[in-house]
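If you're matching them up, the sequences are chains A and B in order. Under my numbering, the first residue of the first sequence carries the number 1, and numbering increases by one thereafter. Under my numbering, the first residue of the second sequence carries the number 133, and numbering increases by one thereafter. Yeah, the Cβ is synthetic: ideal placement off N, Cα and C, and Gly gets one too. The model shown is predicted, which means the values in this text are computed figures rather than measured ones. Remarks on the structure that follows.
Number of protein chains: 2
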Amino acid sequence: MNATHQDLTRNQTLVLDTLAKADGPLSAYTILDRLRGDGFRAPLQVYRALEKLLGFGLVHRLESLNAFVACAHPHCHAHGLIAFAICEDCGQVDEFSDAVVRERLGAWSAENGFKAEKPIEIRGHCANCAAA
Amino acid sequence: MNATHQDLTRNQTLVLDTLAKADGPLSAYTILDRLRGDGFRAPLQVYRALEKLLGFGLVHRLESLNAFVACAHPHCHAHGLIAFAICEDCGQVDEFSDAVVRERLGAWSAENGFKAEKPIEIRGHCANCAAA
DNA sequence: CCCGACATGTAATGATATTACATTGCGAAG
DNA sequence: CTTCGCAATGTAATATCATTACATGTCGGG
Ligand SMILES: [Zn+2]
Ligand SMILES: [Zn+2]
Ligand SMILES: [Zn+2]
Ligand SMILES: [Zn+2]
């Protein structure tokens, strides 16, 4: 489960590179379209690669967008609770990990017996778009 | 925009009642199926009613599930930041509003110029399912 | 009565994700 | 070397979620 980049298969590498080069989240079908030139023909090729990359922690899924992003901080938050601030205007995504949010959610969890396990997605407007 | 229950149209009432009677989130198509006996025939009838109910604050959309729930606390959190703890095992959803999480997210927002605007969805496991 | 606003009805299509099954590539066992 | 077994890959079909486009109904104000 601790795959380094060079353990990746061809399809996984292509998908990861596509996400890394993108300036924001991409849907699976957008990735597919960008990889047609590399022989991709069906959604499953993308979804299978994503499945592995998610397992490796190299990619995150943004469930509220039905889209995917390359991890902004690989190697550093493998086991922590992370969060994404998603701008609903421009689509910018900011991946972060805030200690106090984490701790407080931990406290709420303890009170309620709930165990948070996936990244949290916060939707709103970024500084630029809020100004406009 | 401050509709009371009796302002609702027939379709809106049917959809809201369906969600209120359900023991968890429902997809739009599940709602549609439950309302076939009441004359519903197309997804749009459901989506249009949901659109209004979301505007009235009587229903929330769980983006990570592509599903909808009746608001657990109508009248009380109209302007606050709310959150849902979603169990990935049993599908139970707990709607809450935690002051410290809210405040801390506000602080993070101020530092980063980001303005949170939609409910936060926290995915993990509830007490029951975590035990098993 | 006529009009405009809004709710509704219906069909078609788009977007996202999964299931099912066939094929290929490659290292380990024999 | 050959065969086996496994993981990755290829392809098609289908399931699930959501929107667009256009037609019709309903009701109150002028
Ligand atoms: Zn990350
Ligand atoms: Zn923005
Ligand atoms: Zn609510
Ligand atoms: Zn549970």
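Candidates the options, of which the one nearest residue i by Cα
{"i": "residue 224 of chain B", "options": "A/96, A/43, A/66, A/114", "result": "A/114"}
{"i": "residue 39 of chain A", "options": "A/15, A/131, A/105", "result": "A/15"}
{"i": "residue 259 of chain B", "options": "B/222, B/207, B/139", "result": "B/222"}
Near ligand 3: residue i beta-carbon under 6 Å from a heavy atom
{"i": "residue 318 of chain B", "result": "Here chain B has residues from 133 to 264 only, and residue 318 of chain B is not among them."}
Closer than 7 Å to chain A by CB, residue i
{"i": "residue 217 of chain B", "result": "yes"}
{"i": "residue 258 of chain B", "result": "yes"}
{"i": "residue 168 of chain B", "result": "no"}
{"i": "residue 246 of chain B", "result": "yes"}
{"i": "residue 230 of chain B", "result": "yes"}
{"i": "residue 142 of chain B", "result": "no"}
Cβ-Cβ distance between residue i and residue j below 7 Å
{"i": "residue 88 of chain A", "j": "residue 123 of chain A", "result": "yes"}
{"i": "residue 121 of chain A", "j": "residue 64 of chain A", "result": "yes"}
Any non-hydrogen atom of ligand 2 within 6 Å of residue i CB
{"i": "residue 244 of chain B", "result": "no"}
{"i": "residue 23 of chain A", "result": "no"}
{"i": "residue 143 of chain B", "result": "no"}
{"i": "residue 128 of chain A", "result": "yes"}
Residue i CB to nearest heavy atom of ligand 4 below 6 Å
{"i": "residue 224 of chain B", "result": "yes"}
{"i": "residue 219 of chain B", "result": "yes"}
{"i": "residue 66 of chain A", "result": "no"}
Any C-beta of chain B under 7 Å from that of residue i
{"i": "residue 64 of chain A", "result": "yes"}
{"i": "residue 82 of chain A", "result": "no"}
{"i": "residue 95 of chain A", "result": "no"}
{"i": "residue 31 of chain A", "result": "no"}
{"i": "residue 22 of chain A", "result": "no"}
{"i": "residue 17 of chain A", "result": "no"}
{"i": "residue 130 of chain A", "result": "yes"}
{"i": "residue 117 of chain A", "result": "yes"}
Residue i: first and last residue of the uninterrupted alpha helix (DSSP H) it sits in
{"i": "residue 129 of chain A", "result": "127-131"}
heavy atom of ligand 1 below 6 Å from residue i C-beta
{"i": "residue 203 of chain B", "result": "no"}
Start-to-end residues for the beta strand (DSSP E) that takes in residue i
{"i": "residue 56 of chain A", "result": "Premise fails: residue 56 of chain A lies in the alpha helix (DSSP H), 43-56, not in any beta strand (DSSP E)."}
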